[in-house]
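Read through the structure below, which is laid out as C-alpha cells, and then see the notes.
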Amino acid sequence: LYFVIAAHLILSQCFGLPSLNSTGDLTFCEKYNETMCKNSSNGEGCNSTEECKPAENEKGNCYVLWQNNSKSFTIKLKGCWVPSHDGCSSGNRCVETRREPNVQLLFCCCEGSMCNQKMTISTSLFTPTAVTKTSTVAPVSRASNSHDEVIHILVYTLLPILVIASFISVGYLWYRKHKMRVFNELPTTDPSPLPPPSPLLGLRPIQLIEVKAQGRFGAVWKAMLNNEPVAVKIFPPQDKNSWQEEQSMYKQPQMSHENILHYIGVERHGEHMQVEYWLITAYHDKGSLCDYLKANLVSWGEVLSIADSISKGLMHLHEEIPGHKGGKYKPAMAHRDFKSKNVLIKNDMSACIADFGLALVFEQGKPIGEAHGQVGTRRYMAPEVLEGAINFNRDAFLRIDMYACGLVLWELLSRCSAQEGPVDQYMLPFEDTVGQHPTLEDMQEAVCQKKLRPKFKDYWRKHPGISSLCDTIEECFDQDAEARLSASCVQERISFLYKTQPPYPRTQMSMVKEISCSTSTSN
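In terms of mature numbering (1 follows the signal peptide of the UniProt record, and there is no 0), the sequence shown is residues -16 to -1, 1 to 507.
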C-alpha cells in the first residue's frame, strides 16, 4: 500500500494533473514523507503544505499512512489523495474506522483542506500507548476520553501484577527467614553418640607424623602417643559408617588376639564439615606384607612364622568362642577383604591381620541377608564372588576368605630365599595375566572361565617344605569352594612345618605329606 500511494503521488505531480476540481475550489493538505525527512539536510519532506490538483469529477482529499507496532504507531506519509474515495471521512480530521487483522500499514483519508493535520484512531480498534513522531509532525488528536481509558487500562493491567509480585516477595522473605532459622537450629554436635575414648587416650594429645598408606576409606598415619608410635586411620565425614563398622568389629567380645591388629581407641576431631573420625591402633614399622615383600626376600623360617601367624589370625576370626566365667560369646566373623595389604609385619617377623571395614559378623539367630555380594578387592575375589553365585551362609563366606588366604601365601612363598633357583621380582597374584589394575571382567575371564591360578615354579618343589606348602596353597584356592581347607586345617599344617623347619631329615619330611585334615570350614 505504501508503494502504491507513493507511486500515485509521483505520477500526479510529474504529469501535471489539472489544478481545479469540479467545483473550482482549491484543496490544501499537510505533506510529510518519513524517508525524505530522515535523509534530508534541509528539511525537505518533513513538514509542508501541498496543493491538491484533482482531475475533473474528482475530489481533492487528504490522507495519512501510518505503521502500527502493537503499542505505538509511526506516521509514514501525509499528502493529497486525488482519486475519488467514498470511504473518506468528512470533517476536519482524518478518521480510521477499518482495520483488518495483522495489517501493519494503515490508511485514512478525509475531505477538506488540511484535514489530515489531525487524525483519530477508533479506540475500539486500537489504543496506542506511545506515538513515534518527528519534530515537524503535528501531534495526533485523540478522542476526548482516550486519556481516561488509557489510565483505566493501565490500572486494570498493572494492579494485579503488583499484587502478585507483592505476594511473591513476602513469600520469598518468609522462606529466607524460615530457612535461616532452621539452619541456625541444627545441632553443632553429631546426633550419633560418640563412643567414649579408650582409657589409654584420656586427654593426651596425639601428634600426627606422616602418612604411611592411603586406603579405601581413609589415610593411615604414623603418630605419637605418650612417646610411643601408634597408627591413626583417619576417615573423612562421608565414610563415618565405615569408621563405625570397623570399630564395632574390634569391640566384639574376645576379639583381642596376638595375630589381630591391636585396637587402642577412637576419637572425633573437628566440627561440622571439617570433622574427621580417627581409629587408633598399634603401629608396625615394617608395614604391610605386600610392601615388605616388594623390598625384601624372606627366609624359610620367616615364611613359616608369617604363614603361621596368618592362619592363626584367620582361625581366631572365623571361629565361635563361647563365653567363659561370665565372659561374652564371640561370634564367627568373615574378613571379606583379605589380602597382603591387610597383613602387617611385626618386628619379630610374625604377622597380624588388619582392616575390618568390610568384615561380617555371624550372630546366632540372625539372618545374614543378601546385601553382601561383590565386595573386596577384585584380584582376591573367589570364583563364586566373581560370578555372583554366593551361598549366603556362614561357611560360604569363610571359604571366600580361605581362597584369598591361598593367594597371600603364594605371594609369601614367591619371595622365599630357600628356593633352589632364582627368586623373581615381587608380583601380585595374576599380575602376569591381568596386569596391575584388572577389571572385574578381566578377573572373571582369568579365574572363572580359564580357571587360572598363580603359577608354582618347578624348582620350588625341590625344597620339601616349600613343596608341602604349595600343596596347602593349591587346596586353599580350589575352584570348588567346598573343597577348600579351613583356617584351622591350614594352621595345623603350617604349625607342623614351623616346628620342623629345615634342614629336615627325609624321614621327617615324609611325615609332612602324611598330614591330613578335614576340609570343612567349621572350626
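Glycine included, each C-beta is placed from N, C-alpha and C at the ideal position.
DSSP state of residue i, grouped into three classes?
i	result
S73	strand
L184	Residue placement at L184 cannot be trusted, given a pLDDT of 40 that sits under 50; what the coordinates show is reported in the next sentence. In the structure shown, L184 sits in coil (DSSP, three-state: anything other than H, G, I, E or B).
F201	coil
N26	coil
residue 511	Given a span of -16 to 507 for the chain in the structure shown, any question on residue 511 remains unanswerable.
P438	coil
L288	helix
F57	strand
Y140	helix
Q228	helix
T19	helix
P112	Note that P112 scores a pLDDT of 43, beneath 50, so its modelled location is shaky; the value from the coordinates is reported in the next line. Correct three-state label for P112: coil.
L49	strand
residue 543	In the structure as shown, the chain begins at -16 and stops at 507. Residue 543 is therefore absent and cannot be evaluated.
E368	helix
I145	helix
I374	coil
E14	strand
K309	coil
G297	helix
V418	helix
E212	strand
E304	coil
H256	helix
M233	helix
residue 523	Residue coverage of the chain in this structure runs from -16 to 507, which leaves residue 523 outside it and unanswerable.
Q238	coil
Q222	helix
Q463	coil
Tell me where the alpha helix (DSSP H) around residue i begins and ends.
i	result
S472	471 to 483
Y387	378 to 398
L453	448 to 460
W444	Unbroken run through W444: none, as it is neither H nor E.
A279	273 to 279
List the residues that DSSP assigns as beta-bridge partners of residue i.
i	result
M411	DSSP, once it has assigned bridges, lists no residue as partnering M411.
K217	V204, L263
V195	W205
R363	Answer is none; R363 lacks a bridge partner.
F340	None, per the DSSP bridge assignment.
G63	Y47
I244	I337
residue 508	With the chain covering -16 to 507 only, the question about residue 508 has no answer from this structure.
V282	C400
Identify the continuous beta strand (DSSP E) that holds residue i and give its terminal residues.
i	result
L89	89 to 95
E425	Counting along the chain, E425 falls outside any beta strand (DSSP E), though it belongs to the alpha helix (DSSP H) covering 424 to 427.
S32	32 to 36
Y317	With the sequence shown as reference, residue 317 is identified as Met, and Tyr is not the correct amino acid for it. 316 to 318 is the extent of the beta strand (DSSP E) around M317.
V250	247 to 253
E80	78 to 80
I329	327 to 329
M103	103 to 105
For the region 282 to 290 and the region 390 to 407, state whether three or more C-beta atom pairs, one from each stretch, are separated by less than 8 Å. Verdict: yes, contact present.
Touch test, the region 410 to 424 against the region 359 to 368, Cβ-Cβ under 8 Å, three pairs minimum: With a cut-off of 8 Å, the region 359 to 368 and the region 410 to 424 count as touching, because enough Cβ pairs lie within range.
Stretch-stretch touch, CB-based, cutoff 8 Å, three pairs: the region 381 to 392 with the region 314 to 324: Note that the region 381 to 392 touches the region 314 to 324; at least 3 beta-carbon pairs, one per stretch, sit closer than 8 Å.
Any contact of the region 290 to 307 with the region 251 to 271, i.e. 3+ C-beta pairs under 8 Å? The region 290 to 307 is not in contact with the region 251 to 271.
Is the region 217 to 234 close to the region 262 to 271, with three or more CB pairs under 8 Å? As far as the Cβ criterion goes, the region 217 to 234 touches the region 262 to 271, which means the pair count is three or higher.
If we count Cβ pairs, one from each stretch, closer than 8 Å, do we get three or more for the region 373 to 380 versus the region 418 to 430? Taking 8 Å as the limit for Cβ pairs, the verdict is that the region 418 to 430 does not touch the region 373 to 380.
Does the count of Cβ pairs from the region 10 to 18 and the region 54 to 65 closer than 8 Å reach three? A contact exists between the region 10 to 18 and the region 54 to 65.
Within the chosen definition, does the region 226 to 235 reach the region 338 to 349 through at least 3 CB pairs nearer than 8 Å? Contact check between the region 226 to 235 and the region 338 to 349: three or more CB pairs, one atom from each, fall below 8 Å, which counts as touching.
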